[in-house]
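Everything on this sheet refers to the single structure shown next.
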Amino acid sequence: MDTSEQALPAAVVEVHPLRLGTGGRQADADAGEWVAEEVPIALEFNGLSHAVMLATPLDLEDFALGFALSEGLLDSPADLLDLELQPQCQGLALRLTVTARCEMRLKERRRSLAGRTGCGLCGTDSLDQVFRPLAQRVSPPAVSLEALARAMRELAQAQPLQRRSGGVHAAAWCNTEGALQLVREDVGRHNALDKLVGALARQLGHEPQAGFVAVTSRASFEMVQKTAQAGIGLLAAVSAPTHLAIRQAQAAGLALAGFVREGRATFYAGAPAQAQPAR
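Everything in the sequence shown is counted per the numbering used here, starting at -6 for the first residue and increasing by one.
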């Protein structure tokens, strides 16, 4: 379900910081601690460079597929024909071989970017590309407040990298009872969600619409968009949403819950019937 403890050496580094106590005195000078690794990762599609992301070097196959799906670069996992991970002197390269149809889409996007100033979002240069239409509207699953609370409790216990380093986010896919089925971690909240989307696509037996996503971050526009793009109808975040995220959730038919903690949740869009208070 979650990342193996044996895999953590690739994602954490031991450092020996200077610790200061009360009055400026040095404390535990020789004690080391673990910090999360952050690596530049280049994503290439059929030899075309698309983006460089800073991410934790775990579950990179999931990351590559999830990024491609959530960004609308691929229509389905079947569009990914091959994937190669190649170390570089300053990071890693994820080299994806995709179908000719998807390659043409990427070339059209690159052609539209040529000679223009980007807007700061990955691979986009216009508002039309930011607010890209979803394949279809999603429907919120029937989920109770108890299920949301259970998901957050279990998520807090299913983060080995966070326990070791204290500096990463997590995204989980849960069934409608709130039981965690898949968890992915990363220094970036978007990366953690992309890894989760990729894991869902790679592992048979999980139907995205039959559960919901729980995240340890705020709910931004991109988090909502990626969740809906994956066909999932509910995003539960431990922190606040943005107004743009609420608008996107409403447009997509997605239920958006923020401040899911301590047995409560605030629905900003599309509350499932079971989560609404009894009258």
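Each residue gets a CB set at the ideal place from its N, CA and C atoms; glycine is no exception.
Everything numeric in this text was worked out from a predicted model, so none of it was measured.
Query raised in the report: Touching or not, the region 28 to 37 and the region 162 to 169, by the rule of three or more beta carbon pairs under 8 Å?
Result: no
Query raised in the report: Taking the continuous beta strand (DSSP E) assigned at GLU77, which residues delimit it?
Result: 73 to 81
Requested in this report: Please go through the same chain and pick out, in chain order, the residues whose beta-carbon is closer than 7 Å to the beta-carbon of THR209, but skip the five residues on each side of it.
Outcome: LEU148, HIS162, ALA163, VAL231
Query raised in the report: Under the three-state reduction of DSSP, which class applies to PHE260: helix, strand or coil?
Result: strand
Requested in this report: Please say whether LEU249 and ALA258 have beta carbons closer to each other than 7 Å?
Outcome: No, these two residues do not count as a Cβ contact at 7 Å.
Query raised in the report: ARG182: buried (16+ other C-beta within 10 angstroms of its C-beta) or exposed?
Result: ARG182 is buried by the Cβ-count criterion.
Query raised in the report: In angstroms, rounded to a whole number, what distance separates the CA positions of GLY108 and ALA242?
Result: Here GLY108 scores only 39 on pLDDT, less than 50, and its place in the model should not be relied on; the value that follows carries that caveat. If I take the Cα positions, the gap works out to 33 Å.
Query raised in the report: Considering ASP55, what are the terminal residues of the alpha helix (DSSP H) in which it resides?
Result: 53 to 63
Query raised in the report: Can you tell me where the alpha helix (DSSP H) with PRO153 in it begins and where it stops?
Result: Start and end: 153 to 158.
Query raised in the report: Is the region 185 to 196 in contact with the region 53 to 64, if contact means three or more CB pairs nearer than 8 Å?
Result: For the pair of segments examined, the region 185 to 196 was found to touch the region 53 to 64: the number of CB pairs separated by less than 8 Å reaches three.
**Report entry** HIS43, buried or exposed, once every other Cβ within 10 Å from all chains shown has been counted against 16
**Finding:** Classification of HIS43: buried, given that the 10 Å Cβ count is 16 or more.
**Report entry** When CYS95, THR92, LEU76 are compared against ALA86, the one with the closest alpha-carbon
**Finding:** For the residues CYS95, THR92, LEU76, the minimum Cα distance to ALA86 belongs to LEU76.
Query - Where ALA107 falls: helix, strand or coil (DSSP) - result: Residue confidence for ALA107 is low, a pLDDT of 42 falling below 50, so the modelled location carries little weight; the figure read from the coordinates is stated next. Note: ALA107 maps to coil in three-state DSSP.
Report task. Evaluate THR15 with the Cβ neighbour count: other Cβ atoms within 10 Å of its Cβ, from every protein chain shown; 16 or more gives buried, anything less gives exposed. Result -> By the neighbour-count criterion, in which 16 or more other beta carbons inside 10 Å mark a residue as buried, THR15 falls on the exposed side.
Query raised in the report: Which word fits LYS219, buried or exposed, when buried means at least 16 other C-beta atoms lie within 10 angstroms of its C-beta?
Result: buried
Query raised in the report: Should GLU7 be labelled buried (16 or more other beta-carbon atoms within 10 Å of its own) or exposed?
Result: Burial call: exposed.
Query raised in the report: Do VAL131 and ALA245 have their C-beta atoms within less than 7 Å of each other?
Result: yes
Requested in this report: Inspect the beta-carbon positions of ARG221 and LEU247 and report whether they are closer than 7 Å.
Outcome: For the sequence presented, residue 221 should be read as Ala rather than Arg. Result yes, Cβ atoms of ALA221 and LEU247 sit closer than 7 Å.
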